[in-house]
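Going by my numbering, the sequence shown opens with residue 1, and the numbers climb by one from there.
From the three backbone atoms N, C-alpha and C, an ideal C-beta is built for every residue, glycine too.
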Amino acid sequence: MERFLALHDKHLSFEKIAAALSAEFGITVSKNACIGKARRLELHREKPRTTPASKPKALRSPPAEPPGQVPLLHLGNDDCHFPFGDHPTVRFCGLPKKPGSPYCAEHHAVAFVSPKQRWLI
1 MERFLALHDK HLSFEKIAAA LSAEFGITVS KNACIGKARR LELHREKPRT
51 TPASKPKALR SPPAEPPGQV PLLHLGNDDC HFPFGDHPTV RFCGLPKKPG
101 SPYCAEHHAV AFVSPKQRWL I
């Protein structure tokens, strides 16, 4: 018992304690027997201190394109698709679109002119 406590105080693993006791006393002592004995004696080991895992860094989102400067591949379903410029440098508005329209409120008013308003022009 004293030898077990001495080996335990040296912070040896239970596997090494079992091997040392088996060799020293000429009997078979298993690792689990040592674990059980330590539990019954309420011997606690300090848990090794681990450093907390660092929080993953947030990925940077690409900088927001100013209105009228959004390329087609960066447009979302809820963005205004009003085009500016000519092919291949065409850009799009990109502001939030008006419900039921592919354009924002400002560009919807430009793109969809009622026949009555057109006649007055």
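In DSSP terms, what residue i is bridged to
i	result
residue 70	92
residue 115	None, per the DSSP bridge assignment.
residue 79	96
Check whether residue i and residue j have beta carbons under 7 Å apart
i	j	result
residue 94	residue 84	no
residue 31	residue 15	yes
residue 29	residue 41	no
residue 108	residue 101	yes
Proximity winner among the options, relative to residue i (alpha-carbon distances)
i	options	result
residue 88	80, 41 and 71	71
residue 44	50, 52 and 35	35
Chain-order list of residues whose beta-carbon lies under 8 Å from that of residue i (same chain, five-residue window excluded)
i	result
residue 78	96 and 97
CB-CB length for residue i against residue j, believed under 8 Å
i	j	result
residue 8	residue 38	6 Å
Cutoff 7 Å: residue i Cβ touching any chain C Cβ
i	result
residue 89	Here chain C cannot be found, since the structure has a single protein chain.
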